[in-house]
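Chemist: Per my numbering, numbering through the sequence shown is continuous, rising by one, with the last residue being 998.
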Amino acid sequence: MNQENSIVTRLDLCRRIESLPQVNIGHYPTPLEPCPRLSEALGGPKIYIKREDCSGVALGGNKIRQLTFTVGEAMYQGADTIVHGATAQSNHCRQAAAVAAQLGLKCYLRLSRDHKSFVQGNLLLGHLTGANVELVDAPFGPELDVVK
851 MNQENSIVTR LDLCRRIESL PQVNIGHYPT PLEPCPRLSE ALGGPKIYIK
901 REDCSGVALG GNKIRQLTFT VGEAMYQGAD TIVHGATAQS NHCRQAAAVA
951 AQLGLKCYLR LSRDHKSFVQ GNLLLGHLTG ANVELVDAPF GPELDVVK
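1. In its own chain, which residues sit with a C-beta less than 8 Å from the C-beta of Ala938, not counting the 5 before and 5 after it?
2. Any contact of the region 904 to 915 with the region 923 to 938, i.e. 3+ C-beta pairs under 8 Å?
3. Go ahead and pull the three-state DSSP assignment for Ala908.
4. Kindly indicate which three-state DSSP category Lys913 falls into: helix, strand or coil?
5. Leaving out five residues before and five after Gly922 in sequence, what residues of the same chain have Cβ atoms less than 6 Å from its Cβ?
6. Gly893 and Cys943: beta carbons closer than 9 Å?
7. Cutting at 8 Å between CB atoms, please list the residues of its own chain near Cys885, excluding the five before and the five after it.
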């Protein structure tokens, strides 16, 4: 049987994940919070919210889970700098900048300028974490699909 069609067990998957380069940057596990009023409104299923905002890095969020592996691999390869681009208020850029600061890495953010690019929110946090932030006149999102 070739690898494409093989069945991967939970244990196999855990071993593969554990073998990947990672950096310890979040506070895990994050809590599950019950939502009794929502459960009641929906007629009884137990509903919980996974509190990724409690992951502990730059206001939290699920992007930390991805950065655990991407930054881990980058550092394994010897990188000392993170370069990231997106929109000016990108959650991912905010967290990448915070992770870089936490790990002592340089960070360059290239963010698309828009009419709301005031230095507030995630853009402000990018600056506060020490990232080299440059606003550029470049499309991100659907506009970029035209050139692909």
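A virtual CB, placed ideally from N, CA and C, is assigned to each residue, including glycine. Computed from a predicted model, the values in this text were never measured in an experiment.
Modeler: Working from what's here:
1. In the sequence shown, counting from the first residue as 1, residue 938 sits at position 88. Leu961, Ser962, Arg963, Asp964, Lys966, Ser967, Asn972, Leu973, Leu985, listed in sequence order.
2. no
3. For the purposes of this step, residue 908 is taken as residue 58 along the sequence shown, with counting starting at 1. Of the three classes helix, strand and coil, the one that applies to Ala908 here is coil, per DSSP.
4. Walking along the sequence shown from the start, residue 913 turns up at place 63. Helix.
5. Residue 922 sits at position 72 when you count from the first residue of the sequence shown. Cβ neighbours of Gly922 beyond the five flanking positions: Pro871, Gln872, Val873.
6. For the purposes of this step, residue 893 is identified with residue 43 of the sequence shown, where counting begins at 1. For the purposes of this step, residue 943 is identified with residue 93 of the sequence shown, where counting begins at 1. Result no, Cβ atoms of Gly893 and Cys943 do not sit closer than 9 Å.
7. Residue 885 sits at position 35 when you count from the first residue of the sequence shown. Result list for Cys885: Ile897, Tyr898, Ile899, in chain order.
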